Amino acid sequence: MTDRLQLGALCASVVLLLALAACFSPREAEVSDSRFLNLAPDVAYMGAAACESCHSEIYASYQGHGMAQSFYPMEAARAVEAFPSPLITHEASGYAYRAIREGDQFLQEEFRLGADGQPLSRQVRTMDYVVGSGTAARTYLTQDSTGRLYELPLTWYTQANEGAGGWAFSPGYEIHNGRFDRTIPERCMSCHNGVSEAEPFTDGRFTSLAEGIGCESCHGPGALHVEARTEDPEPADSVDATIVNPKWLDLDLRLDVCQQCHLSADVSILREGETATSYRPGRPLAAHRALFAPADADPNEVSVISHAERMMASACFQESAAMDCVTCHNPHAAVPSVETFSETCRSCHDTSALQARMPTEALRQQHAVDQTCVSCHMPKVEASDAPHASFTDHLIRVVDGEIEGVAAASEGGLRPVFPEDEGNAVAEGMAYVILGRQNGSRETMSRGARQLAAALDGRAEAGEAQYLLGFARLQLGQAREALEPLQRAVEIGANPERLNALAQAYEQTGQAAEVEALYRRALEMQPGAARIRVNLGRFLDAQGRTAEALAAYRQAVADEPWNATAHYNLGTAYARQGDLQRAIESLDRTVQLEPAHADALTNLGVLLAQAGDLEAASVYLPQAVLADPQNANAHANLALFFANVGRLNEAATHAQIALQID
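Residue 722 is where the sequence shown starts when you use the numbering used here, and the numbers rise one by one after that.
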């Protein structure tokens, strides 16, 4: 049979890291606590186990803290979930999920449901790691054959069903179903786990993984301290300068130690030159990152990690000279009982004096010494961005009326969290580009690009800001205007993402001479960047260099086995070479990974028909039309198939639809 084999719609991928940088005035030298020598960036991390030999009691006590249980392998001995889960359907995408247990192995399944509600396809991923102590929830990561980590769609919510627990989508999945493709960047790992070493420029791949948030997250890297105390167990002074002890820090810097992970914002941007793990306790957090929150947010609303800022809005904090997080929370021990928290309250608020102020007997009874304080003055609220869980509101007050909920992400204006960023047009412009990318809003991204263009006019520094300006323009279809800022970004400091974006800008403006060199330069810096390798393969394919393109696609598949675009491009390249069997195998793998990939379904159906398997072709070609009813090529190839098997009325119908679309 004749056909129109679809080979052109090969997706290019732009890699955007949300761990971005901005310009900032050098505040660090003025505010960092220079007494502590381990603030230096070259001091190495040792891991929490190195602390045990000298601090055995504290180390043992800390193992009961939720932070120590923040990340660990999924094991039968620690399983608390109910298996199997019910089938949980994402209505917008048509995918359904279920968590199952097979012996000591834990899995999450994905089903693509057809119009009749029956599964059309199935994928399975192992639940390899647990993220979260389980106080509120346990989310799961899977690891592919190359070591890259991905978040799984289902989370176990401990507090659901009146404390019995239950399965539901992981945070964010109901809004945007990331399926099995949500990688774990270093920024995520830096708060949800101890210091882990990431492979540069490959989100989700780590050369070492800690298990739980460790001592060095709050005390800074320990190599200098271990060396010094091994030689001499006692420091020369009461303040041991070889490692940060937060109790010796000024209040603002003490709060920053906790706020590195417990401070809410819609957008977090690394400062120029900073990395996900370059913050050190004892430095100001504002020297490490810029944070932006919704400008129109209700000040009474609460976010899941707004503990410190809510506490700082409390009269208890404002009228105290020394209150901080550890006033109530022992960072080295499990969370105490509510009564223990109340004892902390009573250390400042005398019960008799409180009762004397109460106008009624009922209120006096409520403030008796045997009553708890936090249940009334720090109520729990349910979080919309972490469903099925409640969190303590750290604004200490007399609750009047309705308890506020959790702030939702805003698509409106932004405000800087740190005073240092007031009037920082570069950082603000970057924040709008990132917010637009996160929300899928071209308008917000365009606003950020306009602001960046004005703020960067005539300036040659700020490499990440230049990159974001170029990236935004590429996304907005302004490839020619993207060239200059991307060129500047590469000149300031080349990295794979900047080189990749510049190569695409050259491609889109018809300037092919530099493209291959840029892609290859990016891959020299990070050979495992599979999505950039796919772009190289696509470019070589377009140049008629199919054999070289095949080599690039094969390597991309090896580096990222679950990359559907790599499998699809590999299959279409094999088809062009006439290698029908390998083309079918690659396209079949594509539709296993992306059951709604209309182009892959179409090409697979065409190739199966060419191979004489009309029965299989009769399955895949109609699926392509169902997956994308506006895909002219899918309708055209289905029309050709129907014509060749004598179903002429159906052939005419789909041919007419194809012509109407294109």
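Ideal placement from N, C-alpha and C gives every residue a C-beta, glycine not left out.
All of these numbers come straight from a predicted model, not from anything done at the bench.
Are the beta-carbon atoms of residue i and residue j separated by less than 8 angstroms?
i, j, result
"residue 1173", "residue 1190", "yes"
"residue 842", "residue 1140", "no"
"residue 1113", "residue 1095", "yes"
"residue 858", "residue 1110", "yes"
"residue 941", "residue 916", "no"
"residue 935", "residue 785", "no"
"residue 1304", "residue 1292", "yes"
"residue 845", "residue 861", "no"
"residue 879", "residue 891", "no"
"residue 1262", "residue 1294", "yes"
"residue 1344", "residue 1322", "yes"
"residue 1252", "residue 1290", "no"
"residue 1029", "residue 979", "yes"
Can you tell me whether DSSP reads residue i as helix, strand or coil?
i, result
"residue 1283", "coil"
"residue 829", "strand"
"residue 1061", "helix"
"residue 1292", "helix"
"residue 901", "coil"
"residue 890", "strand"
"residue 1073", "helix"
"residue 846", "strand"
"residue 766", "coil"
"residue 809", "strand"
"residue 1253", "helix"
"residue 820", "strand"
"residue 1103", "strand"
"residue 1090", "coil"
"residue 990", "strand"
"residue 1230", "coil"
"residue 756", "coil"
Short of 8 angstroms in beta carbon distance, which residues of its chain neighbour residue i, apart from the five on each side in sequence? Order them along the chain.
i, result
"residue 1356", "1346, 1375, 1376, 1378, 1379 and 1382"
"residue 962", "756, 757, 758 and 956"
"residue 1135", "987, 988, 1013, 1014, 1015, 1016, 1149, 1152, 1153 and 1156"
Of the residues the options, which one's Cα is nearest the Cα of residue i?
i, options, result
"residue 1237", "760, 1270, 1209 and 835", "1270"
"residue 981", "961, 1003 and 882", "1003"
"residue 824", "805, 1178, 833 and 831", "805"
"residue 1038", "1015, 976, 1060 and 861", "976"
"residue 763", "945, 1100 and 849", "945"
"residue 1249", "923, 930 and 901", "923"
"residue 898", "818, 964, 768 and 973", "818"
"residue 1196", "1301, 1161, 1215 and 1368", "1161"
"residue 905", "1295, 864 and 1176", "864"
"residue 911", "973, 954, 998 and 889", "998"
"residue 1331", "1350, 1362, 1219 and 1192", "1362"
"residue 1091", "1101, 1071, 1267 and 1099", "1071"
"residue 811", "1099, 877 and 900", "900"
"residue 1188", "973, 1274, 1211 and 1342", "1211"
"residue 1247", "1280, 1260 and 1057", "1280"
"residue 1119", "1235, 1087 and 1144", "1087"
"residue 753", "853, 1062 and 969", "969"
"residue 1005", "830, 972 and 1242", "972"
"residue 888", "820, 903, 932 and 1008", "820"
"residue 856", "1093, 885 and 1041", "885"
Within the continuous beta strand (DSSP E) that includes residue i, where are the two ends?
i, result
"residue 792", "792 to 794"
"residue 786", "No beta strand (DSSP E) contains residue 786, which DSSP labels as neither H nor E."
"residue 863", "858 to 864"
"residue 975", "Unbroken run through residue 975 is the alpha helix (DSSP H), 972 to 980; no beta strand (DSSP E)."
By Cβ distance, which residues of its chain are closer than 7 angstroms to residue i, with the 5 residues on each side in sequence left out?
i, result
"residue 1364", "1372"
"residue 1366", "1335"
"residue 840", "832, 833 and 834"
"residue 1202", "1194"
"residue 1368", "none"
"residue 1208", "1223"
"residue 1285", "1311, 1314, 1315 and 1318"
"residue 1288", "1278, 1307, 1310, 1311 and 1314"
Can residue i be considered in contact with the ligand NAP, in the sense that its beta carbon sits closer than 7 angstroms to one or more heavy atoms?
i, result
"residue 1092", "This structure lacks the ligand NAP; in fact it carries no ligand of any kind."
For residue i, would you say it is in contact with chain B, using Cβ-to-Cβ distances shorter than 8 angstroms as the test?
i, result
"residue 1049", "Although the question refers to chain B, the structure presented lacks it and comprises just one protein chain."
Tell me which same chain residues have a C-beta within less than 6 angstroms of the C-beta of residue i, skipping the five on either side of it?
i, result
"residue 750", "Residue placement at residue 750 cannot be trusted, given a pLDDT of 40 that sits under 50; what the coordinates show is reported in the next sentence. Cβ within range, chain order: n/a, list empty."
"residue 1213", "1184"
"residue 870", "862, 864, 905 and 925"
"residue 747", "Its pLDDT being 38, under 50, residue 747 is placed unreliably by the model, and nothing is read from it."
"residue 814", "898"
Tell me the residue span of the alpha helix (DSSP H) that contains residue i.
i, result
"residue 1378", "1369 to 1382"
"residue 1213", "1200 to 1213"
"residue 1323", "1319 to 1331"
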